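Sequence positions in the sequence shown follow the numbering used here and run 36 to 412. From the three backbone atoms N, C-alpha and C, an ideal C-beta is built for every residue, glycine too. Every value quoted in this text rests on a predicted model; they were computed, and no experiment measured them.
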Amino acid sequence: MEALANTRRSRYVAPSLKLECAYLEYLPPPSKSSAGTYWSTKTDDELLSTQLTTDDPESLEDLSEDQPPIEEALVEMAYNVSGRERGMVRCVFCKHPNHFNGVVMRYKSGTRRLVGRDCAGKHYGVTFDLLARDFDAARDRRDYVEQQRLVMARDRDILGMMAAMRADPSVAEFGEVRRRLREFVGEKLWPKLVRIADGDGRLVVERRVVNYAAMETGRGRQSVFALVGDSYLRGAELVRSGPTVAERLRDIEERLTGVVATLRRDGVSTGTLRQNIVMLADLLREVERERVRMRAVNTFFDGSNGGGLGKFASWLADNGKQGVSVLSLPYRLYDQGRSNGHLELCPSPHYRIPGADLIEVMRDTTVRPSKRRKATR
C-alpha cells in the first residue's frame with residue numbers, strides 16, 4: 036500500500052514539474068553578454084526610424100499562432116488595441132483573444148508571435164524581464180529624443196515667441212491698470228481689497244440698521260448689523276498680491292532658455308531628457324496661468340449690464356468711498372469726489388492677451404509622441 040501511495044504521488048507531481056519546465060524552455064536562458072542588449076545598442080537615429088508600436092498587430096507579416104520555437108528572441112514591438120471594435124488580441128499562449136496590451140516577439144528564425152505581457156512574464160521568466168526592460172527603455176528613449184528634436188527644430192520660435200510675449204505692451208498695461216486701480220481705491224481700502232482677492236473673493240457688506248422691532252416693544256432705538264451685500268470680486272487676479280505678470284514672465288523666460296540650452300546638447304541621457312521635457316510642460320502651464328491672470332482685466336471691467344462692476348462700485352461706497360459710479364461705452368469706474376478733479380479707470384481699447392502662438396508651439400513640443408501619433412491616425 037505504501038509503495039502504491041508513493042507511485043500515485045509521483046504520478047500526480049511529475050506532470051506539473053514537466054509542464055513548468057516546458058514553459059521556461061520557450062526561450063533559451065539569458066546570457067550575460069547578449070540578453071536584453073539588442074535595443075540598447077541602437078543609435079537615436081535608428082530608434083527614430085524603427086516602428087516600436089502598433090495598433091493592428093494581426094496585420095504584421097510572418098505572424099504565426101504556432102507554439103513558439105525554442106530559440107533566441109527579442110521584444111520587437113508593443114501593441115495596445117484598447118477601444119477598437121475588433122476587441123482583444125489572441126495570445127499565442129492563451130489561444131483565445133484576452134489581451135488589450137501585449138508585445139510582438141520576433142524570433143531568430145524571423146517569425147513573430149503575439150503575447151500578452153503577463154503571459155510572457157509567466158512563460159519566459161527572467162529572460163523576458165531582461166528583453167522587456169531593454170525594449171521599454173528604447174521606446175522611452177525614442178519618445179524623448181523625438182520631443183528633443185522637435186524642440187530643437189522650434190527652439191528659435193519658442194524663445195522668440197517668449198520674448199515677444201514678455202515685450203507685448205499689454206503686459207506692461209496689466210501692471211499699470213493694477214497701479215491705477217490701487218490709486219482709485221485708495222491706500223486705506225486697498226489692503227482690505229487685496230485680502231478679499233487673496234482669500235475667497237467674497238465682497239461682503241454689513242450696515243448698522245435700526246431695530247424697529249425693539250422700538251415697538253418699548254426697549255428703545257437699537258441698532259443691529261445686517262448683511263446687505265454678498266457677491267464675488269470678478270477679476271480678482273488683477274488685485275491679488277505677488278509678483279506682476281511682467282516679473283513672472285521674466286522668470287519663466289530665464290528658465291525656458293536654460294531648458295532649451297540643455298535640449299540642444301548632444302548625447303543627453305534619457306533621464307535628463309525626461310527631466311527637461313517635464314520642466315518644459317511645467318513652464319507651459321505657468322505661461323497659461325499668466326494669460327489667465329491677464330484676462331482678469333477684461334473680467335473686472337466687463338459690463339454685463341453693469342452687474343460686476345456696479346457691485347464693486349457699491350462695495351466701495353459701502354466702505355466709505357463716496358462719489359464712485361460706473362460709466363459705459365466703454366464700461367469704466369468714475370470718481371467725481373476728488374478735490375483735484377475726477378478720475379476715470381478702464382483698460383485701453385488695444386488691451387489684448389498675448390502668447391497664443393507660444394502656447395500652441397509649446398503644447399506641440401510637450402505632447403508625448405505616442406499620443407500625437409494615435410491622435411493623427
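Comparing C-alpha positions only, which one of the options sits nearest to residue i?
i	options	result
G234	E218, Y267, L224	Y267
V322	L166, I105, M196	M196
V313	E289, A188, V327, R398	R398
D97	Y73, L149, C129, W74	L149
V147	S360, G118, L319, E107	It should be noted that the sequence gives Arg, not Val, for residue 147. Among S360, G118, L319, E107, the Cα nearest to that of R147 is on E107.
H377	A391, S360, P389, R290	S360
M123	S84, P104, P92	P92
G156	L194, T88, L216, V138	V138
W225	G236, Q182, Q183, V274	V274
D80	P103, E272, G302, I388	G302
What is the residue span of the alpha helix (DSSP H) that residue i lies within?
i	result
D190	161-202
V359	Looking at the DSSP string, V359 is not in any alpha helix (DSSP H); the run it does join, the beta strand (DSSP E), is 359-362.
L380	Per DSSP, L380 belongs to no alpha helix (DSSP H); it is in the beta strand (DSSP E), 378-380.
P226	225-233
L298	280-299
L83	79-83
L149	Premise fails: L149 lies in the beta strand (DSSP E), 147-151, not in any alpha helix (DSSP H).
M314	305-335
State the Cα-Cα distance for the pair residue i and residue j, rounded to the nearest angstrom.
i	j	result
V206	R177	38 angstroms
A316	L362	42 angstroms
Q310	V239	46 angstroms
H385	A173	50 angstroms
T401	L298	13 angstroms
L364	Q371	18 angstroms
R320	D175	23 angstroms
S276	I231	11 angstroms
M187	V396	12 angstroms
K356	E325	31 angstroms
G270	R168	51 angstroms
S180	G145	The residue you asked about is not Ser; residue 180 is Val in the sequence shown. Going from the Cα of V180 to the Cα of G145 covers about 28 angstroms.
L23	K77	Outside the shown range of the chain, which is 36 to 412, sits residue 23, and nothing can be said about it.
D203	R300	31 angstroms
R189	T305	20 angstroms
Y369	E379	5 angstroms
G350	R330	Checking the sequence shown, residue 350 turns out to be Trp, not Gly. Taking the straight line joining both Cα atoms gives about 22 angstroms.
Can you tell me where the beta strand (DSSP E) holding residue i begins and where it ends?
i	result
P389	Premise fails: P389 is in no beta strand (DSSP E) and is neither H nor E.
L368	367-370
M140	136-142
A108	108-115
Could you check how far apart the C-beta atoms of residue i and residue j are, in whole angstroms? I think they sit under 8 angstroms.
i	j	result
D90	V116	6 angstroms
E208	P404	Contact doesn't hold; Cβ gap of about 39 angstroms is too wide.
V327	V212	Contact doesn't hold; Cβ gap of about 16 angstroms is too wide.
L318	R201	Their Cβ separation, rounded to whole angstroms, is 13 angstroms, which puts L318 and R201 out of contact at 8 angstroms.
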